[in-house]
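Heads up, the thing below is written out as structure tokens.
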Amino acid sequence: MDLFAKAAELGIETEFWDWQGRRREIDVGALANLVNAFPQQDAHRLVDGSVIVRSGATSVTPIRAGALPLRWQVVSAGTILAEGSATEPFLSWPADIPEGVHRLNLFEPSSPYCEDVPFIVTPAVAFQGNFSRSWILAIQLYGLRSSRNWGIGDFSDLLSLMDLVAGWGCDGIGLNPLHVLFRERPRDCSPYSPNSRLFLNPLYIDVEDVAEYQDGLTQADREALANARRSGLVDYDVVAKLKWQALRSAYDRFRDAPAAPRRAAFDGFCAERGNALTRFACFEVLRWKYRTPWWEWPAPWQTPDDGACEDLRSGPDAADIEFIAYVQWIADQQLKACKTRAQQRGMSVGLYLDVAVGVQADGFDAWNEQTAISRHLAVGAPPDQLNTAGQNWGLAGFNAAGLLTRSFEPFRHMLQAAMRYAGAIRLDHILGFKRLYLVPHGYDAKDGAYVRMPFQALLAITALESRKHECVVIGEDLGTVPEGFREEIAEWGIWSYRVVMFERDHDGRFCSADRYAENALITFNTHDLATFAGWRSAGDLTLKRSLGFDPGETDDARRHAFNMLLDILRHHAIEHDDFFAVLSFLARTRSRLLAVALEDVLGVIDQPNLPGTVHEHPNWRRRIGSELGEIPQSIDLEAFLQALDGRLGGRHADPILGNSTP
Numbered sequence: 005m006d007l008f009a010k011a012a013e014l015g016i017e018t019e020f021w022d023w024q025g026r027r028r029e030i031d032v033g034a035l036a037n038l039v040n041a042f043p044q045q046d047a048h049r050l051v052d053g054s055v056i057v058r059s060g061a062t063s064v065t066p067i068r069a070g071a072l073p074l075r076w077q078v079v080s081a082g083t084i085l086a087e088g089s090a091t092e093p094f095l096s097w098p099a100d101i102p103e104g105v106h107r108l109n110l111f112e113p114s115s116p117y118c119e120d121v122p123f124i125v126t127p128a129v130a131f132q133g134n135f136s137r138s139w140i141l142a143i144q145l146y147g148l149r150s151s152r153n154w155g156i157g158d159f160s161d162l163l164s165l166m167d168l169v170a171g172w173g174c175d176g177i178g179l180n181p182l183h184v185l186f187r188e189r190p191r192d193c194s195p196y197s198p199n200s201r202l203f204l205n206p207l208y209i210d211v212e213d214v215a216e217y218q219d220g221l222t223q224a225d226r227e228a229l230a231n232a233r234r235s236g237l238v239d240y241d242v243v244a245k246l247k248w249q250a251l252r253s254a255y256d257r258f259r260d261a262p263a264a265p266r267r268a269a270f271d272g273f274c275a276e277r278g279n280a281l282t283r284f285a286c287f288e289v290l291r292w293k294y295r296t297p298w299w300e301w302p303a304p305w306q307t308p309d310d311g312a313c314e315d316l317r318s319g320p321d322a323a324d325i326e327f328i329a330y331v332q333w334i335a336d337q338q339l340k341a342c343k344t345r346a347q348q349r350g351m352s353v354g355l356y357l358d359v360a361v362g363v364q365a366d367g368f369d370a371w372n373e374q375t376a377i378s379r380h381l382a383v384g385a386p387p388d389q390l391n392t393a394g395q396n397w398g399l400a401g402f403n404a405a406g407l408l409t410r411s412f413e414p415f416r417h418m419l420q421a422a423m424r425y426a427g428a429i430r431l432d433h434i435l436g437f438k439r440l441y442l443v444p445h446g447y448d449a450k451d452g453a454y455v456r457m458p459f460q461a462l463l464a465i466t467a468l469e470s471r472k473h474e475c476v477v478i479g480e481d482l483g484t485v486p487e488g489f490r491e492e493i494a495e496w497g498i499w500s501y502r503v504v505m506f507e508r509d510h511d512g513r514f515c516s517a518d519r520y521a522e523n524a525l526i527t528f529n530t531h532d533l534a535t536f537a538g539w540r541s542a543g544d545l546t547l548k549r550s551l552g553f554d555p556g557e558t559d560d561a562r563r564h565a566f567n568m569l570l571d572i573l574r575h576h577a578i579e580h581d582d583f584f585a586v587l588s589f590l591a592r593t594r595s596r597l598l599a600v601a602l603e604d605v606l607g608v609i610d611q612p613n614l615p616g617t618v619h620e621h622p623n624w625r626r627r628i629g630s631e632l633g634e635i636p637q638s639i640d641l642e643a644f645l646q647a648l649d650g651r652l653g654g655r656h657a658d659p660i661l662g663n664s665t666p
């Protein structure tokens, strides 16, 4: 088949219009690499990809001309859920097919051909939440400081923070991704570049809260721990060494003399997480053994095999494999305890978790799902006004052909992994649901191409999992948003993500409070942007210039932007100009969820992450200056709560007692 015809079949757009209105055509060599990176897939002759049926709606699927008559079956796990035949150029579906992702088999009586496609029965819209105009506190979990943690914020700190802010009428805690990273390279600490989106980062475990933990620290360990606690930055090398050492000692005691209830609970966890956990544990042991990317491992291990994993579990590596599972069990227990605490404190959102847009190509997900994730392609963005060379984020993402072949199972598992703990999640770069900009390895970011994704199917499955887990879904829809995109995701009940810094008219004026959507999360900034204090002082511009970067804005332009912010505050009769003034403005919008960054509440100038830097800036390492117990004394709590007036979740907040009542 002709290269361009094959590309069209795979949804690869071989040309696009760039930000300057110029047509860009993909390099033929890059196109060939793109095409070759996708799994083989038979063309659909009878229907267009997945079939989607929404509960409570009449669903009809057109059939391509010339395919009649035909017979059909909806099948799930070998069981026929429904069947019938068609003599007209459409199929009408029964209303009693259960919700879920099934397979549709289509047969042409006059031919041996059978077409097999995903058949998705989904609620009409995603879960919409049981709250109205609430607020959550957004934090970087690693940055929490306490006298008892090991130099990095942990799940016990999260419990303490929940107890504190529940008394302020807060309905949840927003967290950076908790995805597992790489044990052997702790300095690769970006939570948005994970090893896997299915499992948790063990460095957030409070090791002293593990039942089997016993203090075995040497004097050198204690000195290193004391230094880590005092440091303003997370020392990931020290933290990882000490925590993995403590967790291994705890596991050895668990293995040698397990308490019967804990062994039963652990076995139940392993059974619940199934083959995915077994494969992950084997993968981690193999990574530790070979210390190379998985495609350089011995041939039998370059693809996952359950039989081989069972053999590995029965051999000399058995204890190491079970140890990885044990660590994930501990992390799961501690994070579930946070979810329970939020419910006990009446927090109607609970945990709000970020889900990264992709994974590292040499990580578990890319090894485990080689059909749905291609290690040869990286997600990025085409050249634009701020990034004239384009962007390569170095992350492997899902591909449409593989997801269709796998009945979207990898995508569902990713959602389930976050939703098991969360009352709300944010999907990073939801624009990628419609099309992804993919860059073949070995090529510059400008040589990538847009690839169409099964947009409606991804939205349908998101709605299905959202309702199943009662979890609100927010789509990070920043950047150049295609016309009608926000309306399409809203029609499925997916909320928008609105950042005040970007909500400005063509003349630079900030939008008034009534311009913000109701089903949206609103926030002043993000972890990739300046804090309020940094933005107001133009400290971010100074920092970028000191690093040799073009800040993209002059000091005069920043002063003008701040004056425009003051204009919109005055328009809403807000006369002061500090962060609480901005917070008062945000609180007046009709958006149902307001995220307040802890850094802004504390007046921090430095932002957590500076995009485009690796070693020049301490990304994902900064710790907050105040210990948890000192936070109420570090801010003007009365002014803070007054700014949030009307967003206290129906509860009375007491800044003195630090408690709340319904």
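Every number in this note's numbering is 4 more than the matching position in the sequence shown, counting from 1. Just so you know, even glycine gets a beta-carbon here, dropped at the ideal spot from N, CA and C.
TODO: Tell me Asp358's beta-bridge partners as DSSP assigns them.
DONE: Arg430
Task: Boundaries (first-last residue) of the alpha helix (DSSP H) holding Ile635 - done: 635-638
Task: Under 7 Å between C-beta atoms of Ser595 and Ala524 - done: yes
Task: Straight-line Cα distance separating Ala365 from Arg562 - done: 39 Å
Task: Presumed contact (8 Å Cβ cut-off) between Ile124 and Ser200, rounded CB distance - done: Wrong, their Cβ atoms sit about 25 Å apart, outside the cutoff.
Task: Own chain residues within Cβ distance below 6 Å of Phe186, not counting five before or after - done: Asp192, Asn199
Task: Per DSSP, the bridge partner or partners of Pro66 - done: Phe94
Task: Beta-carbon proximity list for Phe583, same chain, < 6 Å, skipping 5 on both sides - done: Phe536, Asp604
- [ ] Drop a sphere of 10 angstroms on the beta-carbon of Gln218, count the other beta-carbons inside from all chains shown, and report buried for 16 or more, exposed for fewer.
- [x] exposed
Open item on the list: Is the beta carbon of Leu148 closer than 7 Å to that of Gly155?
Closed with: no
- [ ] For my contact list, Pro190 and Asn180 are in at a C-beta cut-off of 8 Å; report their separation, rounded to the angstrom.
- [x] About 16 Å separates the two Cβ atoms, so there is no contact after all.
- [ ] Might you give, ordered along the chain, the residues of its own chain that have their beta carbon closer than 6 Å to the beta carbon of Ala404, omitting 5 neighbours on each side?
- [x] Gly15, Met457, Pro458
TODO: Could you have a look at Leu38 and say whether DSSP puts it in helix, strand or coil?
DONE: helix
Task: Beta-bridge pairing of Pro122 - partner residues as DSSP gives them - done: Arg107
- [ ] Within 10 angstroms of the Cβ of Ile478, are there 16 or more other Cβ atoms? Answer buried if so, exposed if not.
- [x] buried
Open item on the list: Along the chain, where does the alpha helix (DSSP H) containing Val242 start, and where does it finish?
Closed with: 240-260
Task: As assigned by DSSP and simplified to three states, the class of Pro486 - done: coil
Open item on the list: In the DSSP assignment, the beta strand (DSSP E) including Trp397 goes from what residue to what residue?
Closed with: 395-399
Task: is_contact[Ala405, chain C] using C-beta, thresh 7 Å - done: In the structure shown, chain C cannot be found, because there is only a single protein chain.
- [ ] Determine the DSSP secondary structure at Ala71, reduced to helix, strand or coil.
- [x] coil
TODO: In the DSSP assignment, find the unbroken alpha helix (DSSP H) run with Gly538 in it and report its ends.
DONE: 536-541
Task: C-alpha distance - Phe94 paired with Ser114, whole-angstrom precision - done: 18 Å
Task: CB-CB length for Val600 against Leu614, believed under 8 Å - done: That belief does not hold up - the Cβ atoms of Val600 and Leu614 are roughly 21 Å apart, past 8 Å.
- [ ] Name the two residues that bound the continuous alpha helix (DSSP H) containing Ile334.
- [x] 322-348
Task: Straight-line gap, Pro612 to Trp139 (C-alpha atoms, nearest Å) - done: 21 Å
Open item on the list: Spatial neighbours of Ala449 within its chain, please: C-beta separation below 7 Å, excluding the five flanking residues on both sides.
Closed with: Gly384, Ala393, Gly394, Gln395, Asn396, Val443
Task: Per-residue burial, Gln332 [other beta carbons within 10 Å of its own, 16 or more giving buried] - done: buried
Task: Nearest-angstrom Cα separation, counted from Ser500 out to Gly164 - done: At residue 164 the sequence reads Ser, which differs from the Gly that was named. In a straight line, the C-alpha of Ser164 is about 30 Å away from that of Ser500.
Open item on the list: Our contact map puts Val32 next to Arg627 with C-beta atoms below 8 Å; I'd like the distance itself, whole angstroms only.
Closed with: Not really, about 50 Å apart at Cβ, beyond 8 Å.
Task: Residue closest to Val361, alpha-carbon to alpha-carbon, out of Asn153, Leu641, Val476, Tyr441 - done: Tyr441
Open item on the list: Cutting at 7 Å between CB atoms, please list the residues of its own chain near Ser411, excluding the five before and the five after it.
Closed with: Val105, Arg107, Pro122
Task: Nearest neighbour of His183, chosen from Asp315, Phe203, Glu92, Asn391 [CA to CA] - done: Phe203
- [ ] Can you say whether Leu648 is buried or exposed, counting buried as having 16 or more other CB atoms within 10 angstroms of its CB?
- [x] buried
- [ ] Compute the distance between the beta-carbons of Trp76 and Gly88, then report whether it is under 7 Å.
- [x] yes
Open item on the list: Could you tell me which whole alpha helix (DSSP H) segments of length 4 or greater appear in the region 140-227?
Closed with: 159-170
- [ ] Using beta-carbon positions only, say whether Leu221 and Val243 come within less than 7 Å of one another.
- [x] no
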